[in-house]
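Peer 1: The structure follows.
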Amino acid sequence: MTSNHEAAPAPVVLELRNAVKSFGAVVAVSDGTIELREGEIHALIGENGAGKSTMVKILAGVHRPDVATFQVAGEDASFRNVGDSKAAGISVIYQEPTLFPDLTVAENIFIGRQPVNRLRLIDRRRMRRDAAALFAELGVDLDPHRIADGLSIADQQLIEIAKAISMDARVLVMDEPTAALSGAEVDRLFTVARRLRDQGVGILFISHRFEEIFALTDRITVMRDGAYVSTHQTAETTEAEVVREMVGRSVDQLFPKEPAPIGEPVLEVTGLTRRGIFSDINLVVRSGEIVGLAGLVGAGRTEVARAVFGIDRYDDGSVTLNGTPIPPHDPQASIDAGIAFVPEDRRKQGLVMDLSVARNATLAVRRELARMGLISASHEREVAEEWTDRLQVKTSSQSAPVSTLSGGNQQKVVLAKWLATEPSLLIIDEPTRGIDVGTKSEVHRLISDLAGRGIAILMISSELPEVLGMADRVVVMREGRVSEVIDRSDAVPEAVMRAATAAREEVPA
Amino acid sequence: MSTIVSPEKKAARPRWQNALLSRDAVMVAILIATIITASAMLPRFASPLTVGFLLIDVIPVLLIAMPMTLVIIAGEIDLSVASTAGLTSALMGVLWQSGQSMVTIVVLGLIAGLLCGALNGLLVAGLGLPSLAVTIGTLALYRGLALVTIGDDAVADFPVEATSFVTSKIGATGIPVVMIGALLIVLAYAVVLHMTPFGRGLFALGFSTEAAKFVGVKVDRTKFWLFVGTGVVSALAGIFWTLRYSSARSDNASGLELAVVAAVLLGGVSIFGGRGTILGVVSAVLLIGTVNYGLRLERVSDVVLIIVTGALLIISVVGPRIAEGVATRWRGRRLRARVSPTSS
Ligand SMILES: Nc1ncnc2c1ncn2[C@@H]1O[C@H](COP(=O)(O)OP(=O)(O)OP(=O)(O)O)[C@@H](O)[C@H]1O
Ligand SMILES: [Mg+2]
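Residue numbers (my numbering), protein chains in the order written: chain U, 1 to 509; chain D, 1001 to 1344.
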């Protein structure tokens, strides 16, 4: 499949060995090792908090390792800052790129090193031409003239990649780039990645999705608890093997929902319409039932959830919970009524990143926490501890800012925060995005458990196996409408995909 | 785990130790040290007279700093506070001349403050305008209104009972009676910020409006009431100012907004929002008051006082950064030293 299986392996372009990085008393990486060759795609995998992102930040020059042997292209390297790392030919693409929204695509690519003409002024024409050439090289169709604001995350990542190439990057590091992408966008990213690999770029790829890892990469390095475990040729290992190494035990990949008695309707949505976004949405979720909301990215699933919870307004229709109408556009009223909403973007919506774990975990119950209007700090801590313990959140302390937790542990804090409200309806948007295998089945078990205790669950997920494994009923949306409702017994991947993509006339009534 | 390093597995510090190391504790320590130094070096410093003058001096800044702390923690700012105080003062003068009773005057003054705050709140929360721009605008507007109200005149014939009340002391302690009221306001703001669901929401709001919305914080309504709060308290400060100096003028309290913001920031409130405590701010207000008073006893000119306040502010921002940098380097060196014998 790849050019890498020849007798002589390609030269090593980057080598970081025995790296140690601690933050105060927390040792994020205790013995990190990664070796990247030219022209290979190398996966770095490990559980949430294993230290992957910390390794990336060492390579990026964001963190200085306490101890490490570090070589780039055979020469000793020691980065004092991000600039040093860039100069050494390392480019890092984070899950959420940070473009300047008011500048054009081309300006973003050449920011800080714009080509100049004879008058020492910025040569816009050349900049656009170069940007267009880069996109042609990558085989993507993007307009260099347009303003970066409003571009999808996938497009923004491609711009970052174009920027990396224009700086002659020898190493491209991607930290969970696919977590927020749709299937087609992932395919496009992979095409670009393979093209770069064939040009000799070494790519380090981090993901929690094994289909992607096995489809794309040449080698896999496993980390556990901040330390290097092993490196495999992808073709010579199996998912089960690397998972065992990651977790230290074998894990059931999917945890199917356990049967639970299904009761009265909890959530009833009738004729919900927001002009231009979604229209005439009818939904019922009963107690003990998990309803999966499936569809392509952009089908309007998140928008419906936001409107139900009251973040956005809607033009028409009604929402009732246990028979009581929920006032529109009032999240506090929704929370009081017993709706919990785990949003898709935990960094911006789910958490206040600079606030402590305890404060985040209790933010949604801050009103219930108060006795006679006052919150006591010790009570707050107790409640926070109770829920973060239940979800086994890994943190150095309750007062650590939640931003210092690994991605998966942050997601657990979001769940803890909403479970603390003891809701009767849990809306959960992409519950396992960025979560490792072990935790994923834990989260599934948890959701199933909640349903077992009579909570109604509306789950939005782009991962088909997750929807099919967990949902009692699958509501498929397409272009802002419910295109089909499929029962668990009939829910096979083909049926869901057809309902998500097919033209409406072809869908059987 | 690792073969070469036994990680520093020390347990997290006990809570009281954390409290002692916090920025607030440092502020309080510096305040106490300053007071002790001043008492030792300046013969006339440690006396009831000092207590009285010092506290009376800091009351306007202390008062306004309370709502300002909340506003800045929520990620906004209000620069119109001093103008609101000035407008209140001007209004008092005109009302007194027209023969209103003291009670009516105070009530109307507070209502004026409330309206000033409500206008700021409407512009910021209702129309979504940036508070920096809005309150720079109303800073000029309210000061202008003050001038229109009272002109270039000064009204100075306030009743002696009123003026002597605001400067009266509790027995021989030297503590002004109005300090009790000020303390109640400080306490109220401390409770609201640190112990209520509303306060919890403010911190969330200051860091991330979006995340705050998802837990039901009513962003617009919250901001509106914060600005109403600064308006009313600024009016209160304006009333105090007028009676203390027994002088109602349109330029009363001018420039006070910067003293307030400086004290709030020195007290550890982040200008970007989300971080800060009332204890820190109160310590900072008293610290600036003490330093200024001490220097003034030594007949140091006002220009130097401003320089000192500015320097304190800069040190308070730069100091922790330097300390952190030193600590990081130190830790790294220790770790490397422990590792080097075993690793190649
Ligand atoms: N700035 C920091 N301060 C304190 N602790 C930190 C900091 N950054 C990371 N950590 C800790 O280091 C550990 C490793 O975190 P890291 O983000 O590298 O994990 P990860 O492998 O990327 O996990 P995920 O898959 O969840 O993204 C975690 O326990 C985390 O809490
Ligand atoms: Mg990570």
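Beta carbons: idealized from backbone N, C-alpha and C, even for Gly. Predicted model, so just to flag it, every value in this text is computed and none were measured.
Among all the DSSP beta bridges, which residues are the ones paired with Asp31(U)?
Peer 2: Here the question's residue 31(U) lines up with position 31 in the first sequence. Asp31(U) pairs with Ala227(U).
Peer 1: Using only alpha-carbon positions, find the residue among Ala400(U), Leu415(U), Asn81(U), Ser279(U) that is nearest to Trp387(U).
Peer 2: Your numbering for residue 387(U) matches position 387 in the first sequence. Ranking Ala400(U), Leu415(U), Asn81(U), Ser279(U) by Cα distance to Trp387(U) puts Leu415(U) first.
Peer 1: Using CA atoms only, rank isn't needed, just tell me which of Gly150(U), Ala162(U), Val222(U) is closest to Ala131(U).
Peer 2: The residue given as residue 131(U) occupies position 131 in the first sequence. Ranking Gly150(U), Ala162(U), Val222(U) by Cα distance to Ala131(U) puts Ala162(U) first.
Peer 1: Let me know the secondary structure DSSP gives Pro265(U) once reduced to three states.
Peer 2: As a working note, residue 265(U) is residue 265 in the first sequence. Note: Pro265(U) maps to strand in three-state DSSP.
Peer 1: Measure from the C-beta of Arg367(U) to each C-beta in chain D and report whether the shortest distance is under 7 Å.
Peer 2: Walking along the first sequence from the start, residue 367(U) turns up at place 367. For Arg367(U), the answer is yes, since a Cβ of chain D falls inside 7 Å of its Cβ.
Peer 1: Using a beta-carbon distance below 7 Å, is Asp511(U) in contact with chain D?
Peer 2: The structure shown has nothing for residue 511(U), since chain U only spans 1 to 509.
Peer 1: With DSSP as the reference, label Gly1052(D) as helix, strand or coil.
Peer 2: As a working note, residue 1052(D) is residue 52 in the second sequence. Gly1052(D): helix per DSSP, three-state reduction.
Peer 1: Can you tell me whether DSSP reads Lys1213(D) as helix, strand or coil?
Peer 2: The residue labelled residue 1213(D) in the question sits at position 213 within the second sequence. Helix, per DSSP.
Peer 1: Nearest CA to the CA of Leu1063(D): which residue from Val1217(D), Met1179(D), Leu1087(D), Val1124(D)?
Peer 2: On the second sequence, residue 1063(D) is found 63 positions in, with the first residue counted as 1. Comparing Cα-Cα distances from Leu1063(D) to each of Val1217(D), Met1179(D), Leu1087(D), Val1124(D), the minimum goes to Met1179(D).
Peer 1: Throw me the rounded Cβ distance for the Leu1031(D) and Ser1208(D) pair, which I believe falls under 8 Å.
Peer 2: Stepping through the second sequence from its first residue, residue 1031(D) is reached at position 31. Stepping through the second sequence from its first residue, residue 1208(D) is reached at position 208. Not confirmed; about 32 Å, so no contact.
Peer 1: Determine the DSSP secondary structure at Met174(U), reduced to helix, strand or coil.
Peer 2: Residue 174(U) sits at position 174 when you count from the first residue of the first sequence. Three-state DSSP puts Met174(U) in a strand.
Peer 1: Indicate whether at least one CB of chain U lies closer than 7 Å to the CB of Arg1023(D).
Peer 2: The residue given as residue 1023(D) occupies position 23 in the second sequence. No, its Cβ sits nowhere closer than 7 Å to a Cβ of chain U.
Peer 1: Exposed or buried, which one is Pro1197(D) when buried takes at least 16 other CB atoms within 10 Å?
Peer 2: For the purposes of this step, residue 1197(D) is taken as residue 197 along the second sequence, with counting starting at 1. Burial call: buried.
Peer 1: Can you find a CB in chain U that lies within less than 7 Å of the CB of Glu1324(D)?
Peer 2: As a position in the second sequence, residue 1324(D) is number 324, starting the count at 1. Not an interface residue.
Peer 1: Roughly how many angstroms separate the alpha carbons of Val1005(D) and Ala1188(D), rounded to a whole number?
Peer 2: Start at 1 with the first residue of the second sequence, and residue 1005(D) comes out as number 5. Start at 1 with the first residue of the second sequence, and residue 1188(D) comes out as number 188. Low confidence applies here, because Val1005(D) scores a pLDDT of 33, under 50, leaving its location unreliable; read the following figure in that light. Distance between the alpha carbons of Val1005(D) and Ala1188(D) is about 50 Å.
Peer 1: Taking contact to mean at least 3 C-beta pairs separated by less than 8 Å, is the stretch 351-359 of chain U in contact with the stretch 396-403 of chain U?
Peer 2: Counting Cβ pairs under 8 Å, three or more are found: they touch.
Peer 1: Please state the DSSP three-state secondary structure of Leu1119(D).
Peer 2: By one-based count along the second sequence, residue 1119(D) stands at place 119. Note: Leu1119(D) maps to helix in three-state DSSP.
Peer 1: Taking 7 Å as the threshold (C-beta atoms), are Gly263(U) and Val13(U) in contact?
Peer 2: Locating residue 13(U) in the first sequence gives position 13, where the first residue counts as 1. Locating residue 263(U) in the first sequence gives position 263, where the first residue counts as 1. Not closer than 7 Å, so no.
Peer 1: Looking at the secondary structure, which residues open and close the alpha helix (DSSP H) in which Ser279(U) lies?
Peer 2: On the first sequence, position 279 is the one that residue 279(U) refers to. Ser279(U) -> not in any alpha helix (DSSP H); beta strand (DSSP E) instead, spanning 278-286.
Peer 1: Measuring CA to CA, which of Leu1313(D), Gly1276(D), Ala1237(D) is closest to Thr1088(D)?
Peer 2: As a first step, residue 1088(D) must be located in the second sequence, where it is residue number 88. The residue with the shortest Cα to Cα distance from Thr1088(D) is Ala1237(D).
Peer 1: Does Pro1197(D) have its Cβ less than 7 Å from a Cβ in chain U?
Peer 2: Numbered from its first residue, the second sequence carries residue 1197(D) at position 197. Interface residue, yes.
Peer 1: Extract the residue ranges of the alpha helix (DSSP H) inside the stretch 431-502 of chain U, only unbroken runs of 4 or more that lie entirely within it.
Peer 2: Taking only runs of at least 4 residues, the alpha helix (DSSP H) segments lying wholly in the stretch 431-502 of chain U are 437-452, 464-470, 493-501.
Peer 1: Kindly list, in the order they appear in chain D, the residues whose Cβ is closer than 9 Å to that of Pro328(U).
Peer 2: Locating residue 328(U) in the first sequence gives position 328, where the first residue counts as 1. Within 9 Å Cβ-Cβ: nothing; Pro328(U) doesn't reach chain D, min ~14 Å.
Peer 1: Per DSSP, what kind of secondary structure is Ala514(U) in: helix, strand or coil?
Peer 2: As shown, chain U starts at 1 and ends at 509. That puts residue 514(U) outside it, with no answer to give.
Peer 1: Could you tell me the boundaries of the beta strand (DSSP E) in which Gly202(U) lies?
Peer 2: Translated into the one-based positions of the first sequence, residue 202(U) becomes position 202. 202-206 is the span of the beta strand (DSSP E), which, as asked, contains Gly202(U).
Peer 1: For Gly317(U), collect the residues of the same chain with a Cβ closer than 8 Å to its Cβ; drop the 5 residues on either side in sequence, then sort them by chain order.
Peer 2: Within the first sequence, numbered from 1, the residue matching residue 317(U) stands at position 317. The residues are Val269, Thr270, Gly271, Leu272, Thr273, Asp280, Ile281.
Peer 1: Between the Cα of Glu1161(D) and the Cα atoms of Val1103(D), Ala1211(D), Ala1253(D), His1194(D), which residue gives the shortest distance?
Peer 2: Start at 1 with the first residue of the second sequence, and residue 1161(D) comes out as number 161. The residue with the shortest Cα to Cα distance from Glu1161(D) is Val1103(D).
Peer 1: Check each candidate in Asp225(U), Arg498(U), Leu44(U) and name the one with the smallest Cα separation from Pro177(U).
Peer 2: Sequence index remark: in the first sequence, residue 177(U) carries index 177 (1-based). The candidate whose alpha carbon is nearest that of Pro177(U) is Leu44(U).
Peer 1: Mind listing, in chain order, the continuous alpha helix (DSSP H) runs of no fewer than 4 residues lying wholly within the stretch 1155-1190 of chain D?
Peer 2: Here the runs fully enclosed are 1160-1167.
Peer 1: Under 7 Å, Cβ to Cβ, is there at least one residue of chain D near Ala307(U)?
Peer 2: As a working note, residue 307(U) is residue 307 in the first sequence. False, the Cβ-Cβ gap to chain D never drops below 7 Å.
Peer 1: Helix or strand or just coil, what does DSSP make of Ser1343(D)?
Peer 2: Against the second sequence, residue 1343(D) aligns to sequence position 343. Note that Ser1343(D) scores a pLDDT of 40, beneath 50, so its modelled location is shaky; the value from the coordinates is reported in the next line. In the structure shown, Ser1343(D) sits in coil (DSSP, three-state: anything other than H, G, I, E or B).
Peer 1: Could you tell me which residues DSSP pairs with Leu321(U) in its beta bridges?
Peer 2: By one-based count along the first sequence, residue 321(U) stands at place 321. Answer by DSSP bridge pairing, in chain order: Leu267(U), Thr324(U).
Peer 1: Mind checking if Val352(U) is an interface residue toward chain D, Cβ cutoff 7 Å exclusive?
Peer 2: Within the first sequence, numbered from 1, the residue matching residue 352(U) stands at position 352. For Val352(U), the answer is yes, since a Cβ of chain D falls inside 7 Å of its Cβ.
Peer 1: What number of angstroms, rounded off, separates the C-alpha of Phe100(U) from the C-alpha of Asp149(U)?
Peer 2: The residue you call residue 100(U) lines up with position 100 of the first sequence. The residue you call residue 149(U) lines up with position 149 of the first sequence. When rounded, the distance between both Cα atoms is 8 Å.
Peer 1: Could you please go through the chain and list the residues whose beta-carbon is closer than 5 Å to any non-hydrogen atom of ligand 1?
Peer 2: In chain order, the qualifying residues are Phe23(U), Val26(U), Ala28(U), Asn48(U), Gly49(U), Ala50(U), Gly51(U), Lys52(U), Ser53(U), Thr54(U), Thr404(U), Leu405(U), Ser406(U), Gly407(U), Gly408(U).
Peer 1: Output the boundary residues of the alpha helix (DSSP H) element that contains Ser22(U).
Peer 2: Counted from its first residue, the first sequence places residue 22(U) at position 22. No alpha helix (DSSP H) contains Ser22(U), which is instead part of the beta strand (DSSP E) from 12-23.
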